[in-house]
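For reference, the structure discussed in these notes is given below.
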Amino acid sequence: MSTWQITQKAAYLNDFIELNKNLQKAVVNAVEELEHDPVTPRGDTIKKLQGYKNVWRYRIGTFRLIYAVDRDSCMLRLLAVGPRGSIYERFNYRGWDAPGAAVEFGPRMEQAPEWSNHPEWFRPEQREPERERLPRKLTPALLRKWRIDERHHPALMRCLYAEDLLNLVNIGVPSDVLGRVMDGLFPLPVDKIASQPDHVLLDPEDLLAYAEGTLSAFLLHLDEKQKPLADWALAGPTLVKGGPGSGKSTVALYRIRAIVEQALRDGREVPSILFTTYTNALINSSESLLRQLLRDTLQLQEGDRLPGQIRITTLHKTATWIVRTRGEPFGMAYDNHRSDALQSARYNLRPRAFGDTDKLAWSEALEGLRDDYLLDEFDWVIEGQHCRCEQDYLDARRIGRGIPFPEARRRAVWRLYEGYCDYLRAENRYTWERLLQTALDHVRADDGFAQRWDYVIVDEAQDLPPVGVALCVELAQNPSGVFLTADANQSLYNRGFRWTYVHEDLNVRGRSRLLRRNYRSTQEIAAAAAQILQAGEEFDTDAAAQEFVHSGAYPVTYAASSSEDQARWIARRIYEAARELRLPPNAAAVLVSSSSVGVPLAAALEGHGLPTTFMKSRNFDLDAPCVKVTTLHAAKGLEFPIVVVAHVEAGRLPRDTDATDEEEIMAFLQGERRLFYVGCTRAMRYLFITYDRHLPSPFLADLGEDCWMMVGD
432 MSTWQITQKA AYLNDFIELN KNLQKAVVNA VEELEHDPVT PRGDTIKKLQ
482 GYKNVWRYRI GTFRLIYAVD RDSCMLRLLA VGPRGSIYER FNYRGWDAPG
532 AAVEFGPRME QAPEWSNHPE WFRPEQREPE RERLPRKLTP ALLRKWRIDE
582 RHHPALMRCL YAEDLLNLVN IGVPSDVLGR VMDGLFPLPV DKIASQPDHV
632 LLDPEDLLAY AEGTLSAFLL HLDEKQKPLA DWALAGPTLV KGGPGSGKST
682 VALYRIRAIV EQALRDGREV PSILFTTYTN ALINSSESLL RQLLRDTLQL
732 QEGDRLPGQI RITTLHKTAT WIVRTRGEPF GMAYDNHRSD ALQSARYNLR
782 PRAFGDTDKL AWSEALEGLR DDYLLDEFDW VIEGQHCRCE QDYLDARRIG
832 RGIPFPEARR RAVWRLYEGY CDYLRAENRY TWERLLQTAL DHVRADDGFA
882 QRWDYVIVDE AQDLPPVGVA LCVELAQNPS GVFLTADANQ SLYNRGFRWT
932 YVHEDLNVRG RSRLLRRNYR STQEIAAAAA QILQAGEEFD TDAAAQEFVH
982 SGAYPVTYAA SSSEDQARWI ARRIYEAARE LRLPPNAAAV LVSSSSVGVP
1032 LAAALEGHGL PTTFMKSRNF DLDAPCVKVT TLHAAKGLEF PIVVVAHVEA
1082 GRLPRDTDAT DEEEIMAFLQ GERRLFYVGC TRAMRYLFIT YDRHLPSPFL
1132 ADLGEDCWMM VGD
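Start counting the sequence shown at 432; every next residue gets the next number (the working numbering).
This is how it looks when you write it as structure tokens:
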């Protein structure tokens, strides 16, 4: 029985797949031996690596397996494996022994740079960098070892310089392929290895499956602060809060294992569990990771699916399934359908004869309300709060909507909404929020949808409208089975929100905990982004007080002289940051306030030789071989190594508002601040903000030189 838990770094996996099969098997045998005792020296096989307090090496012929140990938690971290000389060079080992100078291997080996220590390409006297020649010739044998599809071999083998590799994204070579090649060509040094997250190795034999391509990924390891939350308060409802990149989703997956293991220990069957993820892209990866996590518990064999009692899906897919059980065919109302429905409702509400006083009053009350504002009102207030009649809407909370709605205006908006619904009903189409409403009604009906789950786990709950969270609660056999993860500072829509407003049984007081460690962004990016919210009134200081694994360069703001200057600067920064990170340019995202800004900016970046596409949230393709320009709203839940928040200008961020009431204005501006913050916290390694120096956003005045590098003024 193993007494040591094994984790591994991505750098180690990159090294492992380069080994021949005999060496791979020898490494697996070594790892199986180390599971039982990695800290007792054994001849010339196992020795402590001099110069480190907690790093050891295992000798396999002329190769060395390097690992770190944490005696307190009985955890072994696999760091690297390779030929003796190159491995020791990466770990700065020269055979010296200086116990007093020994260092502890850990994330803090990645030191934050001084304020002025930015990459060379930030400095005014910057010169065109020399081209970096590839350290190894790319051959078919080498590319096959790295599991590179043969159709990409010709283009890769023509590359002589690192820049050539990065430009291959322009001809359709996928970014993950380029990433594998760059990792193979330029192995990470010890400080960069230290900054990588730990992934769990549940079975050393999984290494062989990974090398063969039958296992695609490994589950993140829970740290000492995350682990207790997986099995804490299994009788809920419970809430785990955390800032961006704090591992909330990982905790939720581990919680499923804790639930299953507890049931089996009690002699019960596997309980029914509904796990709702934020996006479609997370479904397959969550299923794969959960199969690894439950493999031993449920004795799953290779190729086995999760038991039917465990359902992993998005809430909207669940709602679609529920509504379709009624046997009524329907289609979804997309942007064009919703726009047509609103125009029809506006037309029908116009007064057609002298004396048509009701319609005249309604038209006057609706005057000045933009279409996009009204559609948001329908989505997030009327349907999002499950308003089923005019009185429900009159009583609804609208904090943060920016424009005050007295009773007369609300009654007019309700009439407009009724016409909007009539149009969509005739077309037999549902909006996404109306779909959630209909599903909730069906679940609550006496003769409605009967399926219930013992546990309902809701990831990123802050981004669901209240009707969606209420549906999740109703789908649980009992509210005690509800588990939520959320980040109050990332909520874009539910301002002034309390969980008990959603459902009377959703009381998490005394059953909520906080994750503080950030695995996504650098400390510098997080500190800079926090300044955006700190100037506002609704700042969750608990969620913002984080610990960090990564350090890096300070974020940069650029005051451009024109839109053309802004596009030129963005294109250059993306190219240079991508080169610095040894990533293709499509590792970058450019976030904007609206499509009216994003579409011309994407075209301008294309004009500067940067493959760029503007993407809406409905057709967002993370794998597309281009820089993604998208809206701040659409970027919610995503992350990118390089992020540019562009055109941060007055009238765009924040948008203009017609509100005159001081409380409404403050709530509206706080919502816009939160949107800005969410955009900045999508960045992992580099963050840039650009704006027209003649129209700076008032939010920029809150950014200080202690956290930002400001250029262009």
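Positions of the beta carbon are idealized from the N, C-alpha and C atoms, including for glycine.
These numbers come from a predicted model, not from an experiment.
Measuring straight from C-alpha to C-alpha, what distance separates residue i and residue j?
i, j, result
"Glu449", "Ile497", "15 Å"
"Ser1026", "Val604", "28 Å"
"Val987", "Pro1016", "18 Å"
"Leu651", "Ser994", "42 Å"
"Leu946", "Leu725", "24 Å"
"Glu700", "Ala694", "6 Å"
"Asn767", "Tyr848", "16 Å"
"Gly758", "Val889", "27 Å"
"Gly673", "Leu867", "26 Å"
"Thr681", "Ala776", "45 Å"
"Leu1041", "Gln774", "38 Å"
"Gln962", "Asp1133", "7 Å"
"Leu923", "Gln965", "Its pLDDT being 42, under 50, Leu923 is placed unreliably by the model, and the measurement read from it follows with that caveat. Those two C-alpha atoms are separated by around 16 Å."
"Glu1103", "Gly1110", "11 Å"
"Thr869", "Leu1069", "29 Å"
"Val754", "Lys790", "35 Å"
"Leu705", "Pro571", "45 Å"
"Gly799", "Asp807", "15 Å"
"Ser1128", "Val812", "28 Å"
"Asp1052", "Thr1112", "20 Å"
"Pro668", "Asp996", "52 Å"
"Ala1034", "Arg589", "29 Å"
Should residue i and residue j be called a contact, given that it needs their Cβ atoms to be closer than 8 Å?
i, j, result
"Asn485", "Glu535", "yes"
"Ala1055", "Thr1044", "yes"
"Ala586", "Leu565", "no"
"Thr708", "Thr749", "no"
"Arg841", "Tyr824", "yes"
"Leu937", "Glu905", "no"
"Leu1012", "Ala1018", "yes"
"Ala511", "Gln627", "no"
"Leu509", "Gln455", "no"
"Lys478", "Pro469", "no"
Going by alpha carbons, who is nearest to residue i out of the options?
i, options, result
"Ala1098", "Tyr1117, Gly1135, Leu946 and Pro835", "Pro835"
"Ala957", "Asp1137, Ile1005 and Asp878", "Asp1137"
"Ser716", "Pro702, Gly513 and Ile743", "Ile743"
"Leu1084", "Val1074, Val1023 and Asn1050", "Val1023"
"Gln954", "Tyr985, Gln822, Tyr778 and Arg944", "Tyr985"
"Ala796", "Leu1032, Ile437 and Glu838", "Glu838"
"Ser794", "Val1074, Val844, Lys1059 and Phe880", "Val844"
"Leu1036", "Thr756, Ile704, Arg999 and Glu581", "Arg999"
"Trp435", "Leu444, Phe1107, Ala499 and Asp894", "Ala499"
"Thr1159", "Asp894, Asp446, Val691 and Ala990", "Residue 1159 is absent from the model: the chain starts at 432 and stops at 1144."
"Val887", "Val898, Arg875 and Leu902", "Leu902"
"Gly615", "Leu596, Leu633, Leu632 and Ala625", "Leu596"
"Ile1073", "Ala1009, Val1030, His817 and Glu466", "Ala1009"
"Asp802", "Ala792, Gly815 and Tyr778", "Tyr778"
"Gly516", "Arg495, Arg508 and Leu507", "Arg495"
"Thr756", "Asn453, Met1141, Ile1005 and Gly879", "Gly879"
"Leu633", "Asp580, Met506 and Leu670", "Met506"
"Leu670", "Ser982, Met1115 and Asp918", "Asp918"
"His630", "Leu720, Val691, Ala1033 and Ile714", "Leu720"
"Arg582", "Ser677, Phe1130, Ile602 and Ser952", "Ile602"
"Cys818", "Ala792, Tyr804 and Cys852", "Cys852"
"Val608", "His1125, Leu1014 and Arg567", "Leu1014"
Closest Cβ-Cβ distance between residue i and chain B: below 8 Å?
i, result
"Glu814", "Checking the listed chains, one finds no chain B in this structure; it contains a single protein chain."
*Just checking, does the segment 679-692 make contact with the segment 714-731 on the three C-beta pairs under 8 Å criterion?*
Yes: at least three Cβ pairs fall under 8 Å.
Notebook entry, point to check: Do the segment 1076-1092 and the segment 1116-1131 touch if we need at least three Cβ pairs shorter than 8 Å?
Noted result: The segment 1076-1092, when compared against the segment 1116-1131, does touch it at the 8 Å Cβ threshold.
Decide if the segment 851-860 is in contact with the segment 730-739; the criterion is three or more beta carbon pairs, one per stretch, under 8 Å apart. With a cut-off of 8 Å, the segment 730-739 and the segment 851-860 do not count as touching, because too few Cβ pairs lie within range.
Original post:
Does the segment 506-524 come close enough to the segment 619-626 that 3 or more CB-CB pairs lie under 8 Å?
Top reply: Touching, yes.
Worksheet item: Is there contact between the segment 629-642 and the segment 903-915, where contact requires at least three CB pairs shorter than 8 Å?
Response: Taking one beta carbon from each stretch, the segment 629-642 and the segment 903-915 have fewer than 3 pairs nearer than 8 Å; the two do not touch.
Would you call the segment 777-792 and the segment 809-826 touching, i.e. three or more CB-CB distances under 8 Å? Short answer: they don't touch.
| Where are the beta strand (DSSP E) runs, 3 residues long or more, that stay fully inside the segment 1041-1078, in chain order? | Within the segment 1041-1078, the runs of beta strand (DSSP E) that reach at least 3 residues and sit entirely inside it are, in chain order, 1043-1045, 1058-1062 and 1071-1076.
Which full runs of the beta strand (DSSP E) of 3+ residues lie inside the segment 704-773, going along the chain?
The beta strand (DSSP E) runs of length 3 or more contained entirely in the segment 704-773 are, from start to end of the chain, 704-708 and 741-745.
Inside the segment 1003-1027 only - beta strand (DSSP E) runs reaching at least 3 residues: For the segment 1003-1027, the continuous beta strand (DSSP E) assignments of 3+ residues that do not extend past its boundaries occur at 1019-1023, in sequence order.
- Item | Every unbroken alpha helix (DSSP H) within the segment 569-653, with a cutoff of 4 residues, ordered by chain | Fully enclosed alpha helix (DSSP H) runs of 4 or longer: 571-576, 584-588, 593-598, 606-616, 621-626 and 637-643.
* With a floor of 4 residues, list each alpha helix (DSSP H) that falls wholly inside the segment 864-931, ordered by position along the chain. => Qualifying alpha helix (DSSP H) stretches, in chain order: 897-905.
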